[in-house]
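Protein chains in written order, with my numbering: chain A, 31 to 207; chain B, 427 to 1096.
Input: a single structure, listed below in structure tokens.
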């Protein structure tokens, strides 16, 4: 319930950021726009990795429902690793953009691009922290309340972050400017 | 979901009074705080009542701060070419006055009442997430302090409370004030957001058995709408504030026209938040009014359903009117027409409420207590403010009024005359519930009349001043251009300044009243259990309520449950008969007290987590290293929080000294 409320609120956060980006995506020097810098194959791979992490999250939730601690931990860890891979990819992507001359302050396009995707990256990172905390709780065996429910809540958050990425990926990368 | 009454192995509760417990075994890195007395019981508390009181006290403090700022403004304008403040300081003063009053007084005071009374009104023992509740309070406190430290660190924000871009750029506002403003609001925003998630969940999931949504007390209803508005408004301002921070601190150019940016982006983002904010401010006041009026009119609320649905309607339409703040910015005729219509539309549900209130009083046996006086005054003044609001909806007239004192008059009538008066009614009405003592009615009436007259003397003349063309935010006026006769600006400015003095005396009388009631030598007797012959659920418990609120969770059969337990209608004569006193109702409830009541345990983590935020804030402004320090604390606190169970483990307590078993349960009943 509360997680749904929170995610509803998050929709508006990303809504605001995406609007800002859409407003400013065309405002850049001719040689440093979205068409020039984006490496769509690379980002597609990292998007795929993030989507796969949703799958492993589902597996974690279902093992938690079956009270299988070992498998739950395994799938949670895998999900966290996949998430970390995605964040790693994003860091790599940002660095390579920066090398190409697209800094945070280069243009309105770059500022709003980095802000939007950066916020998403932070959300994934927070998700990883939550996953790791879950593993920690699981290991110590001190669970406040129903384990499966807690795992499910984190799962909900994780799926939300993934869905947001699908929207961002479509709007930012796939639609030509 | 962290519902607080999680069944666990009940500890032995056979030892009479709770034994004093001290923390013993560490869990994680910190021992669990378990004290129930002294300052620790407040700082680490997760009890919604204590947090509600702390919200109230801190908000009251900021009310005084904001009041002093307002007085300085009125002092400056009391005479021609005032010299009390310099131009720069004057800018900071009105910016911080507005920011303090809106974000650090009215909103948190609404949160104070919501925190304290929602669980009591719906028959719950606490909110859904007690630790998040505590975290919210501490965020509000540290955010408020952070915001106000800017006075001592190079000057406060000076761009007006809506901080229009590009005026608030580093170029035009070079001090760190705006940075403090943005980050401070970011931190208090976390408080609002967590509070909203928490209270919505509480209201929807934790109502007493039998309490359907349409049997819910009206204050809870209005708070629910408020929390939904907060839930969806806060993220928008969060985005705006982040963009502002990136612009000022990290060299982005989101609002820089020379880089091709569109400064209207700020205005849209701000007002998409800003207009729902208006209803966030006033709806708790509406809720209080709808609680107080039936009690003192000795009649049920007229058209409860209409009040509920009009509140919800305000909650929806409130999202479609933001651009009426921007009529003067050249939006184009279609937008202006649409928003103009929507703005007129939103006057309807508000009008419905006023009609309902008046009809509640109609034919009732009205008892003019201080609380009732405040509400009657509030209805009158809010109506004036509402009507001047409709004049803004007419776009051509609005372009004349934009940025004049007419606007100031309008929103002070709605915020001070509407929301603040209702909050004061709330103080007088609920004081005996919260503290077990009645505030003096005699001083209270002085308080009311001084404030009522003061408000009208202060803000009434501003209509004239504004229509005569005095712009808002102008640091002085001159005799030469003040005009003649009745419309002389100087005269009305003096009247306004005099009025603000009356408000001040009124507020001081309130503080004196509180002091008199609670000083050690006070002779004020304990308040009766049900001093007002009230109607709703929060009165079916002791005053002040026990830590666990209710000995037994009451089962609800009707709206105005408490009233229906005290009275019944004689079917033959149609007369209303008293069948039980409040004491009897309470005794009946206590007789079936629950044996084992589990309450959430206090925790260190909320305050630690909250304190990490301003550290990061100072880091952004002064030294990036501090961000890392704050970040590490933040991360550790998050892990600590996640690993801590919501109820303290038995091992957190010393073995009992008296051999009577552990007394983890706060309530030993039976």
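Cβ atoms here follow ideal geometry from the backbone N, Cα and C, with glycine treated the same way.
Contact belief for residue i with residue j at Cβ below 8 Å, rounded distance in angstroms
i, j, result
"residue 703/B", "residue 659/B", "6 Å"
"residue 881/B", "residue 807/B", "6 Å"
"residue 706/B", "residue 852/B", "Residue 706/B to residue 852/B, Cβ: 16 Å. No contact."
"residue 710/B", "residue 843/B", "15 Å between Cβ atoms; not a contact."
"residue 163/A", "residue 554/B", "Going by Cβ atoms, the distance from residue 163/A to residue 554/B rounds to 20 Å, so no, they are not a contact pair."
"residue 140/A", "residue 132/A", "5 Å"
"residue 686/B", "residue 57/A", "5 Å"
"residue 988/B", "residue 1025/B", "Actually they do not touch by this definition, with Cβ atoms about 24 Å apart."
"residue 928/B", "residue 865/B", "Not confirmed; about 20 Å, so no contact."
"residue 650/B", "residue 563/B", "Their Cβ separation, rounded to whole angstroms, is 20 Å, which puts residue 650/B and residue 563/B out of contact at 8 Å."
"residue 501/B", "residue 730/B", "Not confirmed; about 46 Å, so no contact."
"residue 908/B", "residue 916/B", "4 Å"
"residue 513/B", "residue 565/B", "Rounded, the Cβ-Cβ distance is 34 Å, inconsistent with contact."
8 Å Cβ cut-off: residues of chain B touching residue i
i, result
"residue 248/A", "The structure shown does not extend to residue 248/A, since chain A spans only 31 to 207, so no value can be given for it."
"residue 135/A", "676, 677, 678, 679"
"residue 87/A", "Per Cβ cutoff of 8 Å: no residues; residue 87/A is ~17 Å from chain B at best."
"residue 170/A", "1069"
"residue 141/A", "672, 678, 679, 680"
"residue 159/A", "1061, 1064, 1065"
Residues that DSSP places opposite residue i in a beta bridge
i, result
"residue 993/B", "1004/B"
"residue 897/B", "830/B"
"residue 863/B", "952/B"
"residue 975/B", "972/B"
Chain-ordered chain A contacts of residue i [CB-CB under 9 Å]
i, result
"residue 661/B", "39, 40, 41, 42, 43, 44, 45, 46"
"residue 658/B", "38, 39, 41, 42"
Beta-carbon neighbours of residue i, restricted to chain A and to distances below 8 Å
i, result
"residue 630/B", "31"
"residue 669/B", "50, 145"
"residue 477/B", "Neighbours of residue 477/B on chain A: none; closest Cβ ~17 Å, over 8 Å."
"residue 509/B", "Under the 8 Å cutoff, chain A gives no residues; its nearest Cβ is about 42 Å from residue 509/B."
"residue 687/B", "54, 57, 138"
"residue 691/B", "50, 53"
The ligand ZN heavy atom lying under 7 Å from the CB of residue i
i, result
"residue 661/B", "This structure does not include the ligand ZN; it has no bound ligands of any sort."
Chain-ordered chain B contacts of residue i [CB-CB under 9 Å]
i, result
"residue 166/A", "1065, 1068, 1069"
Beta-carbon neighbours of residue i, restricted to chain A and to distances below 7 Å
i, result
"residue 627/B", "31, 32, 35"
"residue 794/B", "Per Cβ cutoff of 7 Å: no residues; residue 794/B is ~41 Å from chain A at best."
"residue 623/B", "32, 35, 36"
"residue 664/B", "43"
"residue 695/B", "46"
Checklist entry - Can you give, in chain order, each stretch of the alpha helix (DSSP H) that sits fully within the region 834-861 of chain B and has at least 4 residues? => result 847-861
Checklist entry - What are the complete alpha helix (DSSP H) segments, minimum 4 residues, inside the region 514-548 of chain B? => result 533-547
Item to check | Entirely enclosed beta strand (DSSP E) segments - the region 50-107 of chain A, minimum 3 residues | outcome: none
Checklist entry - What are the uninterrupted segments assigned as beta strand (DSSP E) that are 3 or more residues long and contained completely in the region 113-186 of chain A, given in chain order? => result none
Next on the checklist: Along the region 541-557 of chain B, where does the CB come closer than 9 Å to a CB of chain A? Name the residues.
Outcome noted: 554, 555
Checklist entry - Which residue spans inside the region 1035-1074 of chain B form an unbroken beta strand (DSSP E) run of at least 3? => result none
Item to check | Every unbroken alpha helix (DSSP H) inside the region 712-780 of chain B [4 residues or more] | outcome: 730-743
Next on the checklist: Quick check on the DSSP output: what are the complete alpha helix (DSSP H) runs of length 4 or more inside the region 630-700 of chain B, in order along the chain?
Outcome noted: 644-676
Next on the checklist: Beta carbons nearer than 7 Å to chain A: which residues of the region 605-619 of chain B have them?
Outcome noted: 619
Item to check | Within the region 460-500 of chain B, ranges of the beta strand (DSSP E) (whole runs, at least 3 residues) | outcome: none
Checklist entry - Fully enclosed by the region 550-608 of chain B, which alpha helix (DSSP H) runs are 4 residues long or longer? => result 556-575
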